[in-house]
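In my numbering, the protein residues as written are 1 to 382.
Don't be surprised by glycine CBs; every beta carbon is placed ideally from N, CA and C.
As structure tokens, the structure follows; a few thoughts come after it.
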Amino acid sequence: MRKFFAKIHLWLSVPLGILVSVICLSGATLVFEQEITRALDPQLYRVAPPEGVQPLAPSQLAARIREQMPDTLKLSSLQLSGDPREACMAGFEGAARRTLSVNPYTGEVNGWTKKYGFFQTTRKLHRWLMDAPAAKGQPSIGKGVVGVTTLLLVVILVSGLAIWVPRTRKALKQRLKVSCTNGWRRFWYDSHTVLGFYAALFLLAMALTGLTWSFGWYREAAYSLFGGGAQQTAASSQPAKGNSVRPARGGEGGRGVETAAEPFDYAVWDGVLDELKMRYPVYKTITLNERNARIVPDPHTSMRRTDTARFDPRDGRIEGVDRYRDAPRSQSLRGWFYAFHTGSWGGMTTKILYFLSALIGGTLPLTGYYLWLKKRRRTAKK
Numbered sequence: 001m002r003k004f005f006a007k008i009h010l011w012l013s014v015p016l017g018i019l020v021s022v023i024c025l026s027g028a029t030l031v032f033e034q035e036i037t038r039a040l041d042p043q044l045y046r047v048a049p050p051e052g053v054q055p056l057a058p059s060q061l062a063a064r065i066r067e068q069m070p071d072t073l074k075l076s077s078l079q080l081s082g083d084p085r086e087a088c089m090a091g092f093e094g095a096a097r098r099t100l101s102v103n104p105y106t107g108e109v110n111g112w113t114k115k116y117g118f119f120q121t122t123r124k125l126h127r128w129l130m131d132a133p134a135a136k137g138q139p140s141i142g143k144g145v146v147g148v149t150t151l152l153l154v155v156i157l158v159s160g161l162a163i164w165v166p167r168t169r170k171a172l173k174q175r176l177k178v179s180c181t182n183g184w185r186r187f188w189y190d191s192h193t194v195l196g197f198y199a200a201l202f203l204l205a206m207a208l209t210g211l212t213w214s215f216g217w218y219r220e221a222a223y224s225l226f227g228g229g230a231q232q233t234a235a236s237s238q239p240a241k242g243n244s245v246r247p248a249r250g251g252e253g254g255r256g257v258e259t260a261a262e263p264f265d266y267a268v269w270d271g272v273l274d275e276l277k278m279r280y281p282v283y284k285t286i287t288l289n290e291r292n293a294r295i296v297p298d299p300h301t302s303m304r305r306t307d308t309a310r311f312d313p314r315d316g317r318i319e320g321v322d323r324y325r326d327a328p329r330s331q332s333l334r335g336w337f338y339a340f341h342t343g344s345w346g347g348m349t350t351k352i353l354y355f356l357s358a359l360i361g362g363t364l365p366l367t368g369y370y371l372w373l374k375k376r377r378r379t380a381k382k
């Protein structure tokens, strides 16, 4: 049985090794993207709170932003942090995902947040081998190759663990540490087997969760396995309450829909924010939009656990709160799968472990090639 697993491990690793290295090393690069981005432009994310001064109300921030930005940009959202040292982030219609950093105490614009081309290119390499789909959810050759490689990586890891299992207690001790005193070949062998063993669990978590973005059939099976069936998946894809088109004012039965001719009164956000602060004395962020507010209640979480408060855009009266804990199972599973794929589920500790594991995963094919070529040369000499 051991020989069978060894052959499977070899036959899959030799043709796929380079692809595995590319996927793992690019993934390791993306683990600390957010931290690196913030470190490169700290003035866009951190502010010095003046002593005894409260942040401006949302309507005041909106007024200050309009004074400093062109009239062609229409403010569509404000993200307010529960941390007094964090900047406010403003979103605009037609600005894609670009956000504007604003000092919440003065309303002074700090500048547009940046997306570095290096990370964007690395993400394309990691997810699609630079062959991005034409639209979200659409197939592409690169996406398919990454999916198949990741699926077979699971087989490679499982077969590698089967080969690793020692036969004696003495052998077990040798399989748990890297020898640096018995020559280069032994060093590279231990680097492949020992480090591979330590990283295998995390690499399996990354691979098994990453496959949900590659194959629809796998995603449905994974969600069903954890209680998020097809019915819930379909339900979660429907528009959330409060996001549907509202009847025009004064239109009994609906004579039409609200048009862009009627501007949104940003003073509505003031009452919404006050009410939400009463309901959420502690929070990470509150993002105000024209029809709802998204709240991240836990200031210490790195996961996508968000409550949504629906309010009347005319007077700010909160109509209801859709809580994360009450969301369909499939919706919460998406957040869990993302967290377990990126390592964000345990904060900085798991991010470091994921980074090291992905780094090891990228080197495993290289050490494997070295051992394989050495073995072939010895066989040829005989």
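Check, Outcome
"Determine the burial state of A234: buried for a count of at least 16 other Cβ atoms within 10 Å of its Cβ, exposed for fewer.", "For A234, the predicted model reports a pLDDT of 39, less than 50, meaning its position is unreliable and no value from the coordinates is stated."
"Can you give the Cα-Cα distance for G111 and D270, rounded to whole angstroms?", "24 Å"
"Pull the bridge partners of M89 from the DSSP assignment, please.", "Q79, S101"
"Can you check which of these residues, A39, F92, R219, T99, is closest to G73 by C-alpha distance?", "Checking the sequence, you will find Leu at residue 73 rather than Gly. Looking at the Cα atoms, F92 is the closest of the given residues."
"Which residues in the same chain as Y283 place their Cβ atom closer than 7 Å to its Cβ, once the five residues preceding and following it in sequence are excluded?", "G82, I295, V296, P297, P299"
"What does the alpha-carbon distance come out to for the pair T363 and F187?", "14 Å"
"Touch check for the stretch 14-27 and the stretch 166-182: three-plus C-beta pairs under 8 Å?", "no"
"Distance, Cα to Cα, R255 vs P313?", "Note that R255 scores a pLDDT of 37, beneath 50, so its modelled location is shaky; the value from the coordinates is reported in the next line. R255 and P313: Cα-Cα distance of roughly 18 Å."
"Using three-state DSSP, classify P166 as helix, strand or coil.", "coil"
"Using three-state DSSP, classify G107 as helix, strand or coil.", "coil"
"From T149 to Y218, what distance separates their C-alpha atoms?", "14 Å"
"At which residues does the alpha helix (DSSP H) containing R35 begin and terminate?", "Rather than Arg, the amino acid found at residue 35 in this sequence is Glu. That run of the alpha helix (DSSP H) goes 33-40."
"Can you say whether C88 is buried or exposed, counting buried as having 16 or more other CB atoms within 10 angstroms of its CB?", "buried"
"Any chance you could list the beta strand (DSSP E) runs of at least 3 consecutive residues sitting entirely within the stretch 264-305, in chain order?", "285-288, 292-296"
"How is W11 classed by DSSP in three states: helix, strand or coil?", "helix"
"For A222, which residues in the same chain have their Cβ closer than 6 Å to its Cβ, ignoring the five residues on either side in sequence?", "T212"
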